[in-house]
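Enquirer: Residue numbers (the working numbering), protein chains in the order written: chain A, 1 to 276; chain B, 1 to 324.
All residues carry an ideal CB built from backbone N, CA and C; glycine is no exception.
Submitted below is the structure of interest, expressed as structure tokens.
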Amino acid sequence: MSPRAWRRLGWDGIALAVLALMVFPIYWMLATAFKPGREILSLTPVWVPLHPTLDNFATAIAVPFFWNDVVNSVLIVTATVVLSVGLAFLAALAVARFRFRGRAAVLAMLIGIQMVPLSALVIPIFLFYDSLQLTDTLLAVVLTYLAFVLPFMTWTLRGFIVNVPVELEEQAMTDGCSRTGAFLRIVFPLVAPALVATSVFAFIQAWNEYLVAYVLLRSGAHQTLTVWLASFTTSHGTDWGGLMAGATLTALPVVIFFLVLQRHITTGLTAGAVKG
Amino acid sequence: MNSASAAAAAGHGRLAKMNLFRPWAWRRSAGAAPYLLLAPALLVLAAVLLYPMASLVALSFQHYGLRQLIAHSGDYVGLDNYTAVLRDGFFWKVVARTAAFAAANVALTMFLGTLLALLLERVHRPVRVLLTAGLVLVWATPVVVAVDLWQWMFDFEFGVINWLLTHLGFGNYIHHNWFAHPLQGFAVITVVVVWGALPFVVITLSAGLAQVPRDMIEAAEVDGANPLHVFWYVVAPVLRPVFIILATLSTIWDFKVFDQVWVMLNQRPGADYFLLGIYSFSESFRVTQYGLGSALAVLLVLILVVVTSGYVRHYMGQLGEESK
């Protein structure tokens, strides 16, 4: 083999080592979740579960409010995704397809708003909902998540709509399409992949969010899975097997979603990012 | 908001009168349509972001303790919160710690991210697909889950890291508690943050690398440029805009790191582990001094604005060009 081919094999080896390093933590979580207690609490690590068991999952599911919090997470995520995609698409159409007074200000706001840290805004947001007596409600959380995903989604969708040539729409309209018809028949199908990518973004943000849910949802039955998971940890002497099983269950829906739609996400989001 | 809804009401008639057979005309004088399209999104943003932002600033000029919380109104105290914070040596210590932490994390993320993106280009296709899939798996892992699993790996008693370090000959790490010393604790948190941030950076950078013309690289190689020169003179210039965006986004993210510290230290981080976000949050929700906490939050935002102003100006310039 030529030196060049040998070098390439060397790079392959390094890449596989990096891969092992990156995914080992996830493997370790899964392995721990399926191990019986004595293999978890062993001073010499047991590298593969020798006696695989589902006990840890049974323990995790039996932790108070698991099913309540699953339902809460699903409700919050569904509402956030459906509403945010709709609102972001309309707003993106406005900034991408129309010239109007205040357009630059809206665009500047969409970027600027993303800089404000959540941990800063959570104080007035909490006081705001507290004065309306809306803390501990899912509505408060959904509204907050909407506000946090909308700027990025609008911005990304705008990038895609701008790339659809206006001439296509104008052609459809001279051929007798109404304006709404032109949007629906021409723009909508062309930006569908971007709609998928941004809704996955909203899904992941809403499913993974911790701080807002932690502050706004105070009672155990009203929390989301990430908060449920963190409350696990504080109990005296962590039950690592149960925690890893709970963590696996929490991560599962996102990972499945992500892997299924991987291509859309990476091309969709990075196309917007690289363009700038 | 008011002007938008007023325009929406007034422009309704105009919308009907628009000449649909001259579509290029409505793009210039759109009337109410764009405002109607924007209204729902802006309404949500105004209620849940802009209004709280304004009240955050207002709060920072108020004394807002437990009694004010019950009464739902604070007592105006002018600049008292700011002078109290800025005169406090502890605040400056936290600022320095936050800046150092963010700088270390951004540098590590960008350095390792670039190396991995370059590596991805040099491997055979199956290996590339495998590594990308692994990165996506890491990317998809929720932050709270990531913190929990790293917490388990770094556990002082049964953690796999202590065992590995000991048996690979790095010293005696049996029963080593990583969080007894803040610098080591922050090293662990850095591992969690960088591990979670790498996938996005690597995947975005490789998308950028794909835009570098292959024949340009080959031409440079034929002319005798070594790999370092090729990277510096051919690849880096193409990559620069993506690199700047990623570095800026990482800076924003790493300055406001919250969940990783909070969950890693079981929701009770000691003062040695305060970053600005944690400090502001604790002052508000633990000490019930919402006014002081808000002042800290406003200062954090101001620091972020200053640190990222170059990026914002760059973007504004672009917007200006676009609307011409």
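Just checking: is the beta-carbon of A:L243 within a distance shorter than 8 Å of some beta-carbon in chain B?
Expert: Chain B, which has a Cβ nearer than 8 Å to the Cβ of A:L243, makes this yes.
Enquirer: Taking C-alpha atoms, which residue in B:F179, B:D80, B:L50 lies nearest to B:A327?
Expert: No information on residue 327 of chain B is available, as it lies outside the stretch 1 to 324 that chain B covers here.
Enquirer: With a threshold of 8 Å between beta carbons, is A:G276 in contact with chain B?
Expert: Because A:G276 carries a pLDDT of 35, less than 50, the predicted location of this residue cannot be relied on, and the following value inherits that uncertainty. Yes, contact with chain B.
Enquirer: In chain B, which residues lie with their C-beta within 7 Å of the C-beta of A:L211?
Expert: By Cβ distance, chain B contributes F258, D259.
Enquirer: Which residues mark the beginning and the end of the alpha helix (DSSP H) in which A:A221 is found?
Expert: Here A:A221 belongs to no alpha helix (DSSP H), and DSSP marks it neither H nor E.
Enquirer: Any idea what DSSP makes of A:Y27, helix, strand or coil?
Expert: Residue state, collapsed to three classes: helix.
Enquirer: How about B:Q62: is its C-beta nearer than 8 Å to some C-beta of chain A?
Expert: No, its Cβ sits nowhere closer than 8 Å to a Cβ of chain A.
Enquirer: What distance in whole Å lies between the Cβ atoms of A:T226 and B:V144, which are believed to be in contact at a cut-off of 8 Å?
Expert: Rounded, the Cβ-Cβ distance is 4 Å, consistent with contact.
Enquirer: Give the straight-line distance between the Cα atoms of A:M109 and A:M115, rounded to the nearest whole angstrom.
Expert: Each residue's alpha carbon lies about 10 Å from the other.
Enquirer: The alpha helix (DSSP H) with B:A180 in it runs from where to where?
Expert: Element bounds for B:A180: n/a, residue is neither H nor E.
Enquirer: For B:R122, report the span of its alpha helix (DSSP H) as first-last.
Expert: Taken as a continuous stretch (DSSP letters only), the alpha helix (DSSP H) holding B:R122 covers 89-122.
Enquirer: Could you tell me the distance, in whole angstroms, from the CA atom of B:N162 to the CA atom of B:H175?
Expert: For B:N162 and B:H175, the distance between alpha carbons rounds to 7 Å.
Enquirer: Over what stretch of residues does the alpha helix (DSSP H) that includes B:E221 continue unbroken?
Expert: B:E221 -> alpha helix (DSSP H) spans 214-222.
Enquirer: With 8 Å as the threshold, decide whether the Cβ of A:S42 is near any Cβ in chain B.
Expert: Yes, A:S42 lies at the interface with chain B (some Cβ there is under 8 Å from its Cβ).
Enquirer: For my contact list, B:I252 and B:T308 are in at a C-beta cut-off of 8 Å; report their separation, rounded to the angstrom.
Expert: Confirmed, about 6 Å.
Enquirer: Could you tell me whether the Cβ of A:F100 comes closer than 8 Å to any Cβ of chain B?
Expert: Yes, A:F100 counts as interfacial toward chain B.
Enquirer: To the nearest angstrom, report how far apart A:A273 and B:S206 are at their CA atoms.
Expert: Summary for A:A273: the model assigns pLDDT 45, below 50, so the residue's position carries little reliability; its value from the coordinates is reported in the next sentence. Each residue's alpha carbon lies about 12 Å from the other.
Enquirer: Identify the continuous alpha helix (DSSP H) that holds A:S330 and give its terminal residues.
Expert: Lying outside 1 to 276, the shown extent of chain A, residue 330 of chain A is not represented and no answer is given.
Enquirer: Taking the continuous alpha helix (DSSP H) assigned at A:E284, which residues delimit it?
Expert: With chain A covering only 1 through 276, there is no way to say anything about residue 284 of chain A.
Enquirer: Establish whether the CB of A:V255 and some CB of chain B are separated by less than 8 Å.
Expert: Yes, contact with chain B.
Enquirer: Note down the Cα distance separating A:V200 from B:G171, rounded to an integer number of angstroms.
Expert: Roughly 45 Å separates the two Cα atoms.
Enquirer: Please go through the same chain and pick out, in chain order, the residues whose beta-carbon is closer than 6 Å to the beta-carbon of A:A31, but skip the five residues on each side of it.
Expert: Taken in chain order, the residues that qualify are P49.
Enquirer: How would you write the range of the alpha helix (DSSP H) that B:N51 sits in, first residue to last?
Expert: Note that residue 51 of chain B corresponds to Tyr in the displayed sequence, not to Asn. That run of the alpha helix (DSSP H) goes 51-59.
Enquirer: Return the CA-CA distance between A:M244 and B:H314, expressed in angstroms with no decimal places.
Expert: Taking the straight line from one Cα to the other gives about 44 Å.
Enquirer: How is the alpha helix (DSSP H) around B:F281 delimited, first residue to last?
Expert: First-last of the alpha helix (DSSP H) with B:F281: 276-281.
Enquirer: Using a C-beta cutoff of 8 Å, does A:R38 count as contacting chain B?
Expert: Not an interface residue.
Enquirer: By Cβ distance, which residues of its chain are closer than 6 Å to A:G276, with the 5 residues on each side in sequence left out?
Expert: At A:G276, the pLDDT of 35 sits below 50, so the modelled position is not reliable; the number obtained from the coordinates is stated separately. Closer than 6 Å at the Cβ level, and outside the excluded window around A:G276, lies no residue.
Enquirer: Taking only three categories from DSSP, how would you classify B:D155?
Expert: In the structure shown, B:D155 sits in coil (DSSP, three-state: anything other than H, G, I, E or B).
Enquirer: Residues of chain B with CB closer than 8 Å to the CB of A:T32, please, in chain order.
Expert: Within 8 Å Cβ-Cβ: W152.
Enquirer: Under a CB-based cut-off of 8 Å, is A:I76 close to chain B?
Expert: Closer than 8 Å: no.
Enquirer: Taking C-beta pairs closer than 9 Å, name the residues in chain B that A:F128 reaches, listed in chain order.
Expert: What A:F128 touches in chain B: A47, V48, Y51, P52, S55.
Enquirer: Got a sec: is the Cβ-Cβ distance from B:I405 to anything in chain A below 8 Å?
Expert: Outside the displayed range of chain B (1 to 324) lies residue 405 of chain B, so it cannot be described from this structure.
Enquirer: Would the beta-carbon of A:T250 fall within 8 Å of that of B:V48?
Expert: No, the Cβ-Cβ distance between A:T250 and B:V48 is not below 8 Å.
Enquirer: What does B:P40 reach in chain A if we use C-beta pairs closer than 7 Å?
Expert: In chain order: L87, L90.
Enquirer: What residues in the stretch 84-111 of chain B have a beta carbon less than 9 Å from any beta carbon of chain A?
Expert: The residues in question: there are none.
Enquirer: Give a yes or no on whether 8 Å exceeds the smallest Cβ distance from B:T141 to chain A.
Expert: Yes, its Cβ sits closer than 8 Å to a Cβ of chain A.
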